[in-house]
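Worksheet for the structure shown next.
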Amino acid sequence: MPYFASSLEGRIAGTKQLTGYTHKPPIVISEAMGIYFFPIISPKRKDCSWIAHKYIRSYKGEPNKTTTVQFANGDSINLPVSDGMFANQVQRTAHLRVILEDRFHPASVVADNRAERIAETFS
């Protein structure tokens with residue numbers, strides 16, 4: 000893959016090249032397996048946590064401006080970010096997924112339904 004290297008820095012650079020995202024960009028681990036991660040804070044910080052997009056079942060904003068995330072395995076975690084910020088990261092990761100699907104599987108994808116496919120990740 001010419002856009003993604005095996006290092007974190009290479010994957011971030013690939014995302015920036017494809018999407019233009021410069022702040023907290025999501026990364027692809029395996030396009031074939033649908034594994035994408037996104038950071039909840041700047042990846043430059045040592046305390047940055049990464050969330051696997053594929054395994055999010057639901058999320059809910061809390062009164063204290065944190066977000067509780069429920070994962071597909073039933074585990075949940077409370078993160079120190081607003082639900083709006085978390086939703087933005089989920090959407091940006093879905094956008095990256097759609098771009099890569101279009102790039103690597105153009106014959107099987109109709110460009111007009113991008114918004115529908117991004118919205119599917121929220122259902």
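Residue numbers for the sequence shown follow numbering that gives the first Met the number 0, beginning at 0 and rising by one. Where a beta carbon is used, it is the ideal one built from N, C-alpha and C, also for glycine.
Could you give the first and the last residue of the continuous beta strand (DSSP E) run that contains residue i?
i: residue 60; result: 55-60
i: residue 12; result: Not the beta strand (DSSP E): residue 12 falls in the alpha helix (DSSP H), residues 7-18.
i: residue 76; result: 75-78
i: residue 29; result: 26-29
Short of 8 Å in beta carbon distance, which residues of its chain neighbour residue i, apart from the five on each side in sequence? Order them along the chain.
i: residue 15; result: 21 and 24
i: residue 1; result: Note that residue 1 scores 48 on pLDDT, short of 50, meaning its location in the model is unreliable and no value can be drawn from it.
Around the C-beta of residue i, are 16 or more other C-beta atoms found within 10 angstroms, so that it is buried, or is it exposed?
i: residue 71; result: exposed
i: residue 44; result: exposed
i: residue 73; result: exposed
I think residue i touches residue j, with their Cβ atoms under 8 Å apart; what is that distance to the nearest whole Å?
i: residue 54; j: residue 95; result: At roughly 16 Å, the Cβ-Cβ gap does not stay under 8 Å, so residue 54 and residue 95 are not in contact.
i: residue 145; j: residue 92; result: Since the first residue of the chain shown is 0 and the last is 122, residue 145 is not available in this structure.
Only counting the same chain, and skipping five residues up and downstream in sequence, which positions put a Cβ closer than 7 Å to that of residue i?
i: residue 11; result: 24, 26 and 42
Using a Cβ-Cβ cutoff of less than 6 Å, which residues in the same chain neighbour residue i once the five nearest sequence positions on both sides are dropped?
i: residue 85; result: 58 and 66
i: residue 60; result: 66 and 82
i: residue 49; result: 36 and 38
i: residue 77; result: 65 and 67
i: residue 88; result: 37
Between the C-alpha atoms of residue i and residue j, what's the straight-line distance to the nearest angstrom?
i: residue 90; j: residue 46; result: 23 Å
i: residue 81; j: residue 31; result: 31 Å
i: residue 69; j: residue 102; result: 31 Å
i: residue 33; j: residue 7; result: 17 Å
i: residue 75; j: residue 13; result: 30 Å
i: residue 28; j: residue 63; result: 32 Å
i: residue 38; j: residue 5; result: 17 Å
i: residue 40; j: residue 100; result: 26 Å
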